[in-house]
Each structure stands twice: as structure tokens, then as C-alpha cells.
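Participant:
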Amino acid sequence: MKKTTVFALLLSLFCNQLSAQLQDDFSDGDFSSDPEWFGDTGKFGVTDEQLQLLDNDPVANNTAYLYLPAPTSNNTATTWEAYIRMDFAPSASNFARLYLSASNPNLSESQEGYYLKAGGISGSDDALELYRQDG
Numbered sequence: 002m003k004k005t006t007v008f009a010l011l012l013s014l015f016c017n018q019l020s021a022q023l024q025d026d027f028s029d030g031d032f033s034s035d036p037e038w039f040g041d042t043g044k045f046g047v048t049d050e051q052l053q054l055l056d057n058d059p060v061a062n063n064t065a066y067l068y069l070p071a072p073t074s075n076n077t078a079t080t081w082e083a084y085i086r087m088d089f090a091p092s093a094s095n096f097a098r099l100y101l102s103a104s105n106p107n108l109s110e111s112q113e114g115y116y117l118k119a120g121g122i123s124g125s126d127d128a129l130e131l132y133r134q135d136g
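In terms of this note's numbering, the sequence shown opens at residue 2 and continues consecutively.
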């Protein structure tokens, strides 16, 4: 079992004044086209129409992420839908992030954005929390 995995998925990037609809249910069996996802593509795969983290590296502070450039509009309502399943006990150092918007696709660099954090407290105390990231 992987000791530390920070799974981050960037869904929205570079907020623009564009109106667009985007959906990927992974029914095509991959994430390399229609639409194309970017990031640590070698650490993910699609099985039974579900995106899965395949990185079993036990290195502490290991981060794996994918992102999907998705223009959004500040003038209209936006809806995100996602299913997050973790087959491990999340902890303060082993959790998932789902970015709703971010100014930079590289998570190791400074950015502005919003994300949901799943798990990450300790023991059986897990939460789903909304965060704003500044820098």
C-alpha cells in the first residue's frame, strides 16, 4: 500500500470569459484524447470507465496529478461532478485534491485557485473541505 499519495486532479484552468461544456466519463477507455488530459499520464489509467491512480511508489511526499484545461466563465453558473474513491485510509499526508480552478497546471509552483480536499485528517475522521489557494 502506498504510504503517501497526493492525488490531485486539475479540472479547470486559466479562468477565461468563455462559455464551454466539457464532459469525460472515460467510456472511451482512455484520457489521451476527446478530451486530452495532461500531467503525470504514466501514473494513471482507465479501468471499467473509471480514472485510476496506478502509482504504487511508496516514496514519502509523492505527488501524482492530471489536469484538463477547461475554460470557465465568471458570468454563468458552473457545475462539477466527480466520483472519488480511495482504497486506503486517508491521513494528513495521504489524501486527494480535486482542483476546481487553478492558474498554473504545475502543482509544485505557486498558483491561485480553489480545490476540494478529500480525507486528510486522521483515523476515521475524514472530511470533504473547500480550500482557496493563494500562492
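Just so it is clear, CB atoms sit at the ideal spot from N, CA and C, and this is done for glycine as well.
GLY121 and PHE96: beta carbons closer than 7 Å?
Facilitator: yes
Participant: Using CA atoms only, rank isn't needed, just tell me which of LEU67, ASP49, PHE27, GLU110 is closest to TYR176.
Facilitator: Residue coverage of the chain in this structure runs from 2 to 136, which leaves residue 176 outside it and unanswerable.
Participant: Is the number of C-beta pairs between the stretch 81-91 and the stretch 106-113 that are closer than 8 Å three or more?
Facilitator: no
Participant: Roughly how many angstroms separate the alpha carbons of THR79 and ASP25, rounded to a whole number?
Facilitator: 16 Å
Participant: Would you report the Cα separation of SER123 and GLN51, rounded to the nearest angstrom?
Facilitator: Pairing SER123 with GLN51, the inter-Cα distance amounts to about 26 Å.
Participant: Helix, strand or coil for ALA119 per DSSP?
Facilitator: Looking at ALA119 - three-state DSSP - the assignment turns out to be strand.
Participant: Could you tell me which residues DSSP puts in a beta bridge with TYR84?
Facilitator: Looking at the DSSP assignment, TYR84 forms no beta bridge with any residue, so it has no partner.
Participant: So the candidates are LEU23, GLU82, PHE45, GLU130; which of them puts its Cα closest to the Cα of LEU55?
Facilitator: PHE45
Participant: Quick one: is TYR116 buried, meaning 16 or more other Cβ sit within 10 Å of its Cβ, or exposed?
Facilitator: It counts as buried.
Participant: Who does THR77 pair with in a DSSP beta bridge?
Facilitator: Looking at the DSSP assignment, THR77 forms no beta bridge with any residue, so it has no partner.
Participant: Rounded to the nearest angstrom, what separates GLN22 and GLY40 at their Cα positions?
Facilitator: Using only the alpha carbons, I get a separation of about 21 Å.
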